[in-house]
Every structure is written in C-alpha cells, then in structure tokens.
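Those letters in the sequence shown? Residues 516 to 594, per my numbering, in order. A virtual CB, placed ideally from N, CA and C, is assigned to each residue, including glycine. Contents: one structure, followed by commentary.
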Amino acid sequence: MEFTHEQISEIISEITNGESGLEGLIKQGLESLMISERRFHNEELSDVSNGYRDCRVCHGGKVFELRVLHGRHDNFHPT
C-alpha cells in the first residue's frame with residue numbers, strides 16, 4: 516500500500532491529536548515495526564507466530580505497554 520506524503524501527515528496528525536497523543540503514535544509505530552521484523556524472522560527461521568505477550572518498554576521517561584508477537588519456538592526478541 517502506497518501513501519502520499521500528505522496522506523501520511525494526515526494519519527499522523529489524527530493519531531497525535533487523538534486521546535493517546537504522541538505516546539499512541541510511538542506505541543503504534545513500535546508495534547508495526549515488530550510485526551514487520553517478526554514476519555522476516557518467521558521466513559528466515561521457518562517459525563510461526565503464536566499469539567502475543569505483553570512487554571513494557573521505558574523510553575524518554577515514559578512506559579509503553581507493547582504487544583509482542585510470540586512464536587512457536589519462542590526465539591524472537593525484537594531489536
């Protein structure tokens with residue numbers, strides 16, 4: 516899916532102006548990156564995603580509650 520710069524700006528603006536603000540945008544961005552990284556991991560190691568596990572990450576004095584994809588072999592650790 517391809518988006519124009521204006522469309523991306525509009526989406527980001529909607530998220531940051533929403534209830535969770537910038538923290539919501541950061542959380543959503545991190546979770547999206549983990550999903551992409553997990554897809555690559557699954558292809559490389561023939562693993563299968565098997566639900567989610569909760570994870571806390573501290574950044575900039577904020578605590579983010581993230582959902583990390585869990586694998587059958589439990590050897591995925593996002594970077």
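Span of the beta strand (DSSP E) around residue i
{"i": "Asn-557", "result": "No beta strand (DSSP E) contains Asn-557, which is instead part of the alpha helix (DSSP H) from 536-560."}
{"i": "Pro-575", "result": "Before going further, note that residue 575 is Gly rather than Pro in the sequence given. Where Gly-575 is concerned, there is no enclosing beta strand (DSSP E), given that its DSSP letter is neither H nor E."}
Residues near residue i in its chain [Cβ-Cβ closer than 8 Å; skip 5 each side]
{"i": "Val-572", "result": "Leu-545, Val-578, Phe-579 and Leu-581"}
Spatial distance of residue i from residue j (CA atoms)
{"i": "Phe-555", "j": "Asn-532", "result": "32 Å"}
{"i": "Ile-541", "j": "Ser-551", "result": "16 Å"}
{"i": "Asp-562", "j": "Met-549", "result": "15 Å"}
Start-to-end residues for the alpha helix (DSSP H) that takes in residue i
{"i": "Thr-531", "result": "520-531"}
Spatially closest choice to residue i from the options, by CA coordinates
{"i": "Phe-565", "options": "Ile-527, His-585, Gly-539 and Ser-535", "result": "First, the amino acid is wrong: residue 565 is Asn here, not Phe. Checking every option, the nearest Cα to that of Asn-565 belongs to His-585."}
{"i": "Tyr-567", "options": "Leu-560, Gly-575, Gly-576 and Arg-553", "result": "Arg-553"}
{"i": "Asp-569", "options": "Gly-536, Val-583 and Gly-539", "result": "Val-583"}
Beta-carbon contacts of residue i that lie in its chain and below 6 Å, excluding the five residues immediately before and after
{"i": "Asn-557", "result": "none"}
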